[in-house]
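Residue numbers (this note's numbering), protein chains in the order written: chain A, 5 to 118; chain B, 66 to 177.
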C-alpha cells in the first residue's frame with residue numbers, strides 16, 4: 005500500500021544531543037514537508053523540499069536541519085540548538101502542484117527531551 | 066506573511082445536530098486554495114474538504130460543507146448530522162506558493 009511512514013513513533017532525547025526523525029514515502033510525490041505541532045498553535049512549517057537535493061526553510065527552521073538525497077526520503081534532524089524541541093512532528097508529501105493538491109501526512113513522531 | 070485564524074478553541078455538538086467552525090485568513094493573493102483537515106485522537110491528518118478561491122460555489126462533501134466569503138476572507142466549515150466519529154480537532158489551512166499554513170485548530174466534541 006502506498007503511504008508515508010514516520011519513525012519512530014516516540015523518541016526520547018537528552019538535552020544537548022542531536023536526533024534524527026525519519027520520513028519515507030512511496031507515493032512518488034515530489035514535494036515533502038516537515039511540521040511541528042504544539043498545543044494551541046496548530047501546525048508550523050519547519051522545512052520543505054520540492055525536488056531532490058533542494059529544500060527551503062519554513063517559518064521555524066532555526067535549530068533544525070534536513071536533507072533530500074532521495075525522492076522517497078526527507079529526514080529531519082533536531083539539533084542541540086533547538087531551544088524547546090519537545091513537540092509532535094508531522095511529515096507530509098504531495099505532488100509538486102501543491103496548489104490544491106492534497107497533502108498526505110504520516111502518523112507523526114512524538115519527541116520528548118529528558 | 067499569510068495567517069490563518071481559528072477563533073474557537075473548542076466546540077460541542079449534540080449527535081445528529083449541526084455545528085459550524087469559523088476560520089479567517091489574511092492574504093494579498095487572488096488565487097489560492099483553502100482546506101479543512103481533521104485530526105482524530107489517532108493524530109492522523111485527514112483532508113475533509115477543499116475550496117479554490119476562484120470558484121464562487123461553496124464546496125460540499127457529504128455532510129461537510131463550507132461557506133466561503135472571499136471578500137471577508139472567511140472560510141467556515143459546517144458539519145451536518147454530526148456523528149460520534151466526527152469528534153476530532155479540525156484545522157483550517159491555506160496554501161500558496163507551495164506553503165501550507167494552518168490555523169491553531171478547533172476541538173470538536175460530539176455528545177451522544
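Beta carbons are placed, not taken as given, at the ideal position from N, Cα and C, and that holds for glycine. Note that this is a predicted model, so its numbers are computed, not measured.
Next on the checklist: Using DSSP's beta-bridge definition, name the partner residues of residue 91 of chain B.
Outcome noted: B:68
Next on the checklist: Quick check on residue 16 of chain A: buried or exposed, where buried means 16 or more other Cβ atoms within 10 Å of its Cβ?
Outcome noted: exposed
Item to check | Anticipated Cβ contact below 8 Å, residue 47 of chain A with residue 39 of chain A, distance rounded | outcome: 4 Å
Item to check | Of the listed residues B:176, B:139, B:121 and B:133, nearest to residue 153 of chain B (C-alpha basis) | outcome: B:176
Next on the checklist: Less than 6 Å between C-beta atoms, sequence neighbours within five positions excluded: which residues of the same chain meet that for residue 90 of chain B?
Outcome noted: 69, 138 and 159
Next on the checklist: With the cut-off set at 8 Å, would you say residue 26 of chain A and residue 10 of chain A are in Cβ contact?
Outcome noted: yes
Checklist entry - Is residue 146 of chain B helix, strand or coil when you go by DSSP? => result coil
Checklist entry - Does at least one heavy atom of the ligand FAD sit under 7 Å from the Cβ of residue 16 of chain A? => result With respect to small molecules bound, the structure shown includes none, and the ligand FAD cannot be examined in it.
Item to check | Listed by chain order, chain B residues near residue 107 of chain A by CB distance under 9 Å | outcome: 100, 102, 110, 112, 158, 160 and 165
Checklist entry - In angstroms, rounded to a whole number, what distance separates the CA positions of residue 124 of chain B and residue 131 of chain B? => result 6 Å
Checklist entry - Between the beta-carbon of residue 34 of chain A and the beta-carbon of residue 100 of chain A, is there less than 8 Å? => result yes
Next on the checklist: Using only CA atoms, which one of A:37, A:73 and A:106 lies nearest to residue 64 of chain A?
Outcome noted: A:37
Checklist entry - At least one CB of chain A closer than 8 Å to the CB of residue 168 of chain B: is that the case? => result yes
Next on the checklist: Any beta carbon of chain B sitting closer than 8 Å to that of residue 59 of chain A?
Outcome noted: no
Checklist entry - If we ignore side chains and look at the alpha-carbon of each, how far apart do residue 136 of chain B and residue 97 of chain A end up? => result If you take the alpha carbons of residue 136 of chain B and residue 97 of chain A, they lie about 31 Å apart.
Checklist entry - Got a sec? Which residues, its chain only, sit under 6 Å from residue 100 of chain B by beta carbon, not counting five neighbours each side? => result 115 and 158
Checklist entry - Using a C-beta to C-beta distance shorter than 8 Å, which residues of chain B count as neighbours of residue 4 of chain A? => result Residue 4 of chain A is absent from the model: chain A starts at 5 and stops at 118.
Item to check | Residues in the stretch 27 to 46 of chain A having any Cβ partner in chain B nearer than 9 Å | outcome: Listed by position along the chain: 35, 37, 39, 41, 44, 45 and 46.
Checklist entry - Relative to the C-alpha of residue 127 of chain B, which residue among B:97, B:87, B:103 and B:144 is closest? => result B:144
Checklist entry - Taking the alpha-carbon positions, what's the residue 102 of chain B to residue 73 of chain B distance? => result 15 Å
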